[in-house]
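Under our numbering, think of the first position of the sequence shown as 15, with each following residue one higher. We treat Cβ as the ideally placed atom computed from N, Cα and C, and that holds for glycine. So the structure is just underneath, and the comments pick up after that.
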Amino acid sequence: MDNIDRKILSLLQHDASLSINEIAGQVNLSSTPCWKRIRRLEDDGVIKKKVALLDYDKIGGGIMVFVSIKTNEHTQEWFNQFVATIDEMPEVLGFYRLAGDVDYMMKVMVPDITSYNDFYIRLIDRLPLSNVTAGFVMEQIKDTTELPLPH
């Protein structure tokens, strides 16, 4: 990956709706070589997909919750069941295994506190968990999908 690829990725991360011609102009390439680079980045899996980012407040709003989970279970069978459970819960936007005091962290979006309670009950009914702690987001200060690119 060279500097032109990184510039293309930066532009697409900021606005994936840019046309090939717009991108090509900003990276000083003609359209065809620019298109070929983008295609290669897609084929190589560097660009996973292009999506529309929605403003949750404008489509009904809700609350974001960071859910910390501790467990005494660490078998592969338990983990596979945990992943299958989370895959069935559309409220979960992110799911991470951590090092430290907390074993797992989830980023969850729900319409209201009652919906979070329903989510919580479904979660603890399906899996043995030793501690589930919720942190309710009061203000979103920064939220981006743009990854920093190495120079």
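| Under three-state DSSP, which class holds residue 145? | strand
| request: May I ask you to list the residues that DSSP assigns as paired with residue 79? | output: 122, 150
| Member of 25, 152, 123 whose CA lies at the smallest distance from the CA of residue 70 | 123
| message | Using a 10 Å radius around the Cβ and a threshold of 16 neighbouring Cβ atoms, would you call residue 73 buried or exposed? | response | exposed
| said: By the three-class DSSP mapping on this structure, what secondary structure does residue 137 have? | reply: helix
| message | What does the alpha-carbon distance come out to for the pair residue 102 and residue 66? | response | 22 Å
| request: Look up residue 106 in the DSSP assignment and say whether it is helix, strand or coil. | output: strand
| residue 146 and residue 135: beta carbons closer than 8 Å? | no
| request: Measure the CB-CB distance between residue 150 and residue 81 and report whether it falls below 8 Å. | output: no
| query | Exposed or buried, which one is residue 22 when buried takes at least 16 other CB atoms within 10 Å? | reply | buried
| task | Just the C-alpha distance for residue 130 and residue 88, rounded to the nearest angstrom, thanks. | result | 25 Å
| task | In angstroms with no decimal places, state the Cα-to-Cα distance between residue 36 and residue 16. | result | 19 Å
| said: For residue 52, count the other beta carbons within 10 Å of its own beta carbon; 16 or more makes it buried, fewer makes it exposed. Which is it? | reply: buried
| request: Would you kindly report the start and end of the unbroken alpha helix (DSSP H) that includes residue 45? | output: 45-57
| query | What do you reckon, are the CB atoms on residue 77 and residue 126 nearer than 8 Å? | reply | yes
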